[in-house]
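What follows is a single structure, written as C-alpha cells, with notes after it.
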Amino acid sequence: MPSPLALLADIGGTNTRLALARDGRALPDSIRRYANAGFRDLEAVLHAYLAEVGSPDLGGACAAVAGPVQDGSGRLTNLDWEIAEPRLSAAIGGAPARLLNDLQAQGHALDRLGPEVLRPVLAAPARPGAPRLVIGVGTGFNAAAVHRTRTGRLVTASECGHITLPTPTGPDRRLATHLARAHGFASVEEALSGRGLGAIDAWLAEEQGGPPPRDARALLDALAEGEPRARLAVATFVRLLGTVAGDLALVHLPHGGVFLIGGMARAIAPHLARLGFADAFHAKGRFAPLMETFPLAVIEDDYAALTGCAAVLADEAP
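Quick note: the sequence shown uses this note's numbering, first residue 1170, plus one each step.
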C-alpha cells in the first residue's frame, strides 16, 4: 500500500506555492502557484488547490511562512495573514501540520538541490560539513544558517531583514535618510527586496530628477535599454546586497557555501558580476582574504521551499 500523501506549502508575501508529497518527495505534476491577492486567507487558497487536485486524503502538512514563527503560529511580514498549525490541520481534515519560517525551509532543501539549479557567483571550495547560509531576496529579505549536527540538520530562524541597513558611503546615508522618512528607520529589507529596488529609484529621482520612480520590473527593463539612472539604481542594489551578504557571512562563517534565493535574487543574478557584487562582498579590510573562502551561488529553483518542507516531513516521520 502506498504511503499517505502530504501537503506542502510555501506561503510568501506575493504568492503561495503548493504541492503534494509522498515518501518525502514533492510530486512535480501537483505543483501549483497562486497569487495571494486573489484570496482572503490561506484557507481559501488551500480550498481552491485541494479541489483542483481532486480532494485527496492527506496524512500531514508542512508549510513555510514568510514571517516569524513561534509556538506553531506565524504572521506574514508583508501580508495580513495569520497562520497557525491548528488552522492548517483543520484545513486538511485534521492531519498533523508543521509550520516553519520560509528561509528555514530553503535551508532544509539544500541537500536535495542538484547543481543544475545553482548559478555560481563566487568561486571557492565548499568544505563538507561546514555551515551554510541561505539568503532570501524577494518580496522581503531574510536569511537562515544551516548546520549539520550529530542529531541531524539544524536550520536556525531569524528576521535579519529588519536589521539596520549598512551605510558605508555618503550616498548610502542619504538613501537611508530617504527610507527612514517612510518607515522610521532604514532596514535592510526596505532597500534589498522587490520594493526596495523601487525605493532606491525613488530616492534617485529626488536627487537627480528624470523619469518618475519605477518598480523593479520596469527598472530592469530600463537597465537592459542602457538608461543611466536605472543602471545606478541596480548597481546600488547590487553593491548593498554584496555588503549585507558579506556581513552575514562574517556572522555565520558559511564555508559550506552562501546561497541567494528568491525572485529578486534570480532577477538580479545576471547583473551581479558586472555591477560590483564581488567587490562589495569581499570589502572587509584585513578580513578580505577570509571573505574569498566563501563560495556563493544563486538558487534558480522557484519551488525549493517545497523541497525543504518535504525534507522536514521525511526527517520527522516516525
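Backbone N, C-alpha and C define an ideal beta-carbon position, used for all residues, glycine too.
- Check the Cα spacing between A1474 and each of I1200, L1459, P1340, I1437: the tightest is with I1200.
- The Cβ atoms of L1174 and L1257 lie no closer than 9 Å to each other.
- If the five residues before and after G1263 are omitted, its C-beta is found closer than 6 Å to no C-beta atom of its own chain.
- Counting only residues of its own chain and dropping the five nearest sequence neighbours on each side, V1214 has a CB closer than 6 Å to the CB of T1185, Y1203, F1208.
- Looking at the DSSP output, T1318 bridges to G1321.
- With fewer than 16 other CB atoms across the displayed protein chains lying within 10 angstroms of its CB, A1486 is exposed.
- For H1352, the number of other beta carbons within 10 angstroms of its own is below 16, and it is reported as exposed.
- Residue pairing of I1252 in beta bridges, as defined by DSSP: G1243.
- Secondary structure at S1199: helix, using DSSP grouped into helix, strand and coil.
- At a cut-off of 3 residues, the continuous stretches assigned as beta strand (DSSP E) that sit fully inside the stretch 1278 to 1360 are 1287 to 1291, 1301 to 1306, 1310 to 1318, 1321 to 1324.
- For L1410 against L1361, the beta-carbon gap comes to about 5 Å, under 8 Å, which counts as contact.
- Going by C-alpha positions, N1247 is about 8 Å away from T1308.
- For the options L1291, T1405, A1312, P1423, the alpha carbon positioned closest to that of L1444 is the one of T1405.
- Only residues of its own chain outside the window of five on either side were considered, and among them L1419 have a CB closer than 8 Å to the CB of F1456, listed in chain order.
- A direct Cα-to-Cα measurement between A1414 and L1269 gives close to 23 Å.
- The C-beta separation of R1398 from Q1377 comes to about 6 Å, placing the pair in contact by the 8 Å criterion.
- In the DSSP assignment, F1428 falls within the beta strand (DSSP E) that extends over 1426 to 1430.
- Using a Cβ distance threshold of 9 Å, G1229 and I1261 count as a contacting pair.
- Remark: fewer than three beta-carbon pairs, one from each stretch, lie closer than 8 Å, so the stretch 1474 to 1484 and the stretch 1435 to 1443 are not flagged as touching.
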